[in-house]
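Data first, discussion second: the structure below is written as structure tokens.
2 protein chains.
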Amino acid sequence: MNESPAPSEPTTPPAPGSRRPGGRTARTRAAVRDAVLSGLAEHGYPGLTVEYVAEHSGVHKTTLYRRWGTLEGLVADALDLAGEDTWTPPDTGSLAGDLRALAREVSESFADPAAAAAPTAFVGAAFQSPRAAEALRAFYAERFRRCEPVVERAVERGEAPPGTDAGAVVRAASAPLFLRLFVTREPVDTALADQSAAAALAAVEAGAFTTSNG
Amino acid sequence: MNESPAPSEPTTPPAPGSRRPGGRTARTRAAVRDAVLSGLAEHGYPGLTVEYVAEHSGVHKTTLYRRWGTLEGLVADALDLAGEDTWTPPDTGSLAGDLRALAREVSESFADPAAAAAPTAFVGAAFQSPRAAEALRAFYAERFRRCEPVVERAVERGEAPPGTDAGAVVRAASAPLFLRLFVTREPVDTALADQSAAAALAAVEAGAFTTSNG
Chain Z
1 MNESPAPSEP
11 TTPPAPGSRR
21 PGGRTARTRA
31 AVRDAVLSGL
41 AEHGYPGLTV
51 EYVAEHSGVH
61 KTTLYRRWGT
71 LEGLVADALD
81 LAGEDTWTPP
91 DTGSLAGDLR
101 ALAREVSESF
111 ADPAAAAAPT
121 AFVGAAFQSP
131 RAAEALRAFY
141 AERFRRCEPV
151 VERAVERGEA
161 PPGTDAGAVV
171 RAASAPLFLR
181 LFVTREPVDT
191 ALADQSAAAA
201 LAAVEAGAFT
211 TSNG
Chain H
1 MNESPAPSEP
11 TTPPAPGSRR
21 PGGRTARTRA
31 AVRDAVLSGL
41 AEHGYPGLTV
51 EYVAEHSGVH
61 KTTLYRRWGT
71 LEGLVADALD
81 LAGEDTWTPP
91 DTGSLAGDLR
101 ALAREVSESF
111 ADPAAAAAPT
121 AFVGAAFQSP
131 RAAEALRAFY
141 AERFRRCEPV
151 VERAVERGEA
161 PPGTDAGAVV
171 RAASAPLFLR
181 LFVTREPVDT
191 ALADQSAAAA
201 LAAVEAGAFT
211 TSNG
């Protein structure tokens, strides 16, 4: 898909992630996002180039530079777009089940090296690019925000004390997995996901996450 | 310190990290380690060069290539050397106090951006260099292994159930901090360290880390 600016397009480049143009512009953005993802999966952030993105998206390099500015902008926008999905947290009917499902989602999504390559490269890119770091921060803030109803429902059901810090709970349930995946470089599996979820649940029940505790 | 091989030195380069030669060789290794650390702090892994290490250590580039092979080897050896310190975990007399001290050590060591720069660069380097990743894995495996007596003492004092998975507990106490520092890019502080430690303690007391639970 080679693209030249259409007359109806604004002359100033849209700030990636700040609006969601429909139609061809949205398709271009998705094609660029896909090329960034495959480039990150194949080469990691240090090996990704604007040339690669142009070649694999079919969008001309000039257009990429005009709209996204830099490689950092391309990576940040791919993360922004990833965060615009309709993902919702599990709703199994119990806090134990929901936390276990959340933790297993993390361990399973990183079990397949091919599937894990692009998300891992995003985490790595944040060490080198302030814009990628900010996009990653926003991505996870939104992900964990969406998880908060898991804890709110548990409070309503009487499974968690009122005043439980929902954000802290959903982070704690997956934190031991992220620690091993991205810092200590240790393997993770379903048993570890279940242990992490069970530990977070026990801490919730003991009131370790109630805000009066902090 | 410019160095040329002394007659008494073995002609084969010592595998970095596999032995600890004393005297001048040890001083050279420490000088090279210091240069790697300052380079990582200043430029991060992508900006570190063998030239920088040569200039800042006073060790000739030829010597660096002969002994350490590559930039990856230099970074891995700096991590190996960091792991050869005499660090021991806190021993406050209670599991609550020890876990809190451990978690606070993590939050405090990353509170100062200047002090955090080199360790952060090591974590980032592991995304690009398999040798750095392996050295980082070994470093943290050893660190957490040294922490296990914290839990063993707690079992002896009756503060933790027999069969508590010590490695899982000490990782859980700091995992929410590492998650925020290196993945979600959120701030950490003492209150968060205390919350993480309290959550791990509550999970221990509830038996969430006993191996029969896994």
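Residue numbers (full-length UniProt numbering), protein chains in the order written: chain Z, 1 to 214; chain H, 1 to 214. In this text, a Cβ means the ideal position worked out from N, Cα and C, and glycines have one as well. Owing to the predicted nature of the structure, the values given are computational and were not obtained by experimental measurement.
Exercise. Helix, strand or coil for Thr120 (chain H) per DSSP?
Worked result: If you number the second sequence from 1, residue 120 (chain H) lands on position 120. In the three-state reduction of the DSSP assignment, Thr120 (chain H) falls in the helix class.
Exercise. For residue 247 (chain H), which option in H:Thr28, H:Arg185, H:Arg157 and H:Leu179 has the closest C-alpha, if you only look at C-alpha atoms?
Worked result: This structure cannot speak to residue 247 (chain H), because chain H is shown only from 1 to 214.
Problem set entry | Distance between beta carbons of Val151 (chain H) and Ala160 (chain H), contact taken as under 8 Å | Here residue 160 (chain H) corresponds to residue number 160 of the second sequence, with the count starting at 1. Here residue 151 (chain H) corresponds to residue number 151 of the second sequence, with the count starting at 1. Here Ala160 (chain H) really is in contact with Val151 (chain H); their C-beta atoms are around 6 Å apart, less than 8 Å.
Exercise. Cα separation between Ala199 (chain H) and Ala200 (chain Z)?
Worked result: Within the second sequence, residue 199 (chain H) is the residue found at index 199, counting from 1. Within the first sequence, residue 200 (chain Z) is the residue found at index 200, counting from 1. Approximately 7 Å, taken between the alpha carbons.
For this session: Specify whether the region 68-77 of chain H and the region 28-42 of chain H touch according to this definition: at least 3 beta carbon pairs, one from each stretch, less than 8 Å apart.
Result: yes
Exercise. Are there three or more Cβ pairs, one per stretch, closer than 8 Å when the region 133-149 of chain H is compared with the region 74-93 of chain H?
Worked result: yes
Exercise. Per DSSP, what kind of secondary structure is Thr210 (chain Z) in: helix, strand or coil?
Worked result: In the first sequence, counting from the first residue as 1, residue 210 (chain Z) sits at position 210. Strand, per DSSP.
For this session: Determine the direct distance from the alpha carbon of Arg185 (chain H) to that of Ser174 (chain H), and round the result to whole angstroms.
Result: Stepping through the second sequence from its first residue, residue 174 (chain H) is reached at position 174. Stepping through the second sequence from its first residue, residue 185 (chain H) is reached at position 185. The straight-line gap from Cα to Cα measures roughly 15 Å.
For this session: Report all residues from its chain with a CB closer than 8 Å to the CB of His56 (chain H); omit the five preceding and five following residues, and keep chain order.
Result: As a working note, residue 56 (chain H) is residue 56 in the second sequence. Contacts found: Asp34, Ala35, Ser38 and Gly39.
For this session: Go ahead and pull the three-state DSSP assignment for Thr190 (chain Z).
Result: As a position in the first sequence, residue 190 (chain Z) is number 190, starting the count at 1. Three-state DSSP puts Thr190 (chain Z) in a helix.
Exercise. Where does Thr63 (chain Z) sit, in a helix, a strand or coil, going by DSSP?
Worked result: Locating residue 63 (chain Z) in the first sequence gives position 63, counting from the first residue. Of the three classes helix, strand and coil, the one that applies to Thr63 (chain Z) here is helix, per DSSP.
Problem set entry | Contact residues within the region 163-197 of chain H, judged by C-beta distance below 7 Å to chain Z | Within the region 163-197 of chain H, those residues whose Cβ lies closer than 7 Å to any Cβ of chain Z are, in chain order, Ala168, Arg171, Ala172, Ala175, Pro176, Phe178, Leu179, Phe182, Val183, Thr184, Arg185, Glu186, Ala191 and Gln195.
Problem set entry | chain Z within 8 Å of Tyr65 (chain H), Cβ atoms only | Working through the second sequence from its first residue, we reach residue 65 (chain H) at position 65. It does not: the Cβ of Tyr65 (chain H) has no partner Cβ on chain Z nearer than 8 Å.
For this session: Work out the CA separation of Asp85 (chain Z) and Thr88 (chain H) for me, nearest whole Å.
Result: If you number the second sequence from 1, residue 88 (chain H) lands on position 88. If you number the first sequence from 1, residue 85 (chain Z) lands on position 85. So the alpha carbons of these two residues sit roughly 45 Å apart.
Problem set entry | Nonlocal neighbours in the same chain, by C-beta distance under 7 Å from Phe209 (chain Z), ignoring five residues either side | As a position in the first sequence, residue 209 (chain Z) is number 209, starting the count at 1. Taken in chain order, the residues that qualify are Thr164, Asp165, Ala168, Val169 and Ala203.
Exercise. Hey, out of H:Ser107, H:Val123, H:Arg145 and H:Asp194, whose CA is closest to Leu181 (chain Z)'s CA?
Worked result: Taking the first sequence and counting its residues from 1, the one referred to as residue 181 (chain Z) is at position 181. Just measuring C-alpha positions, the residue of H:Ser107, H:Val123, H:Arg145 and H:Asp194 sitting nearest Leu181 (chain Z) is H:Val123.
Exercise. Taking buried to mean at least 16 other C-beta atoms within 10 Å of its own C-beta, is Arg100 (chain Z) buried or exposed?
Worked result: One-based indexing of the first sequence puts residue 100 (chain Z) at position 100. Arg100 (chain Z) comes out buried.
For this session: Find the nearest neighbour of Thr190 (chain Z) within the set Z:Arg24, Z:Glu105 and Z:Gly23, judged by alpha-carbon distance.
Result: As a working mapping, residue 190 (chain Z) is identified with position 190 in the first sequence. Thr190 (chain Z) has its Cα closest to that of Z:Glu105, out of Z:Arg24, Z:Glu105 and Z:Gly23.
Problem set entry | Where Thr211 (chain H) falls, given that 16 or more other Cβ within 10 Å makes a residue buried | The count along the second sequence starts at 1 and reaches residue 211 (chain H) at position 211. By the neighbour-count rule (16 or more Cβ atoms within 10 Å), Thr211 (chain H) is not buried but exposed.
For this session: For Thr70 (chain Z), name the three-state secondary structure that DSSP assigns.
Result: By 1-based counting over the first sequence, the position of residue 70 (chain Z) is 70. In this structure, Thr70 (chain Z) counts as coil in the three-state DSSP scheme.
For this session: Take Phe144 (chain Z) as the anchor and find which of Z:Gly58, Z:Gly83 and Z:Ala126 has the nearest alpha-carbon.
Result: Working through the first sequence from its first residue, we reach residue 144 (chain Z) at position 144. With distances taken between Cα atoms, Phe144 (chain Z) lies closest to Z:Gly83.
Exercise. From which residue to which residue does the alpha helix (DSSP H) around Gly23 (chain Z) run?
Worked result: By 1-based counting over the first sequence, the position of residue 23 (chain Z) is 23. That run of the alpha helix (DSSP H) goes Gly23 to Gly47.
For this session: Output yes or no for whether 8 Å exceeds the beta carbon distance between Ala125 (chain Z) and Tyr45 (chain Z).
Result: Stepping through the first sequence from its first residue, residue 125 (chain Z) is reached at position 125. Stepping through the first sequence from its first residue, residue 45 (chain Z) is reached at position 45. Taking C-beta atoms as the reference points, Ala125 (chain Z) and Tyr45 (chain Z) count as a pair closer than 8 Å.
Exercise. Opposite Thr164 (chain Z) in the DSSP bridges: which residues?
Worked result: Position 164 of the first sequence, counting from 1, holds the residue named residue 164 (chain Z). Paired residue(s): Z:Thr210.
Exercise. For Pro149 (chain H) versus Val155 (chain H), is the C-beta spacing smaller than 8 Å?
Worked result: If you number the second sequence from 1, residue 149 (chain H) lands on position 149. If you number the second sequence from 1, residue 155 (chain H) lands on position 155. No, Cβ-Cβ distance for Pro149 (chain H) and Val155 (chain H) is not below 8 Å.
Exercise. Heavy atom of the ligand FMN less than 7 Å from the Cβ of Ala103 (chain Z), yes or no?
Worked result: Ligands are entirely absent from the displayed structure, and the ligand FMN is therefore not among its contents.
Problem set entry | Beta carbon of Ala206 (chain H) nearer than 8 Å to that of Ala206 (chain Z) | Along the second sequence, read from residue 1 onward, the residue named residue 206 (chain H) stands at position 206. Along the first sequence, read from residue 1 onward, the residue named residue 206 (chain Z) stands at position 206. Yes. Within cutoff.
For this session: Would you identify the three-state DSSP class for Gly97 (chain H), choosing helix, strand or coil?
Result: Residue 97 (chain H) sits at position 97 when you count from the first residue of the second sequence. If DSSP states are grouped into helix, strand and coil, Gly97 (chain H) belongs with the helices.
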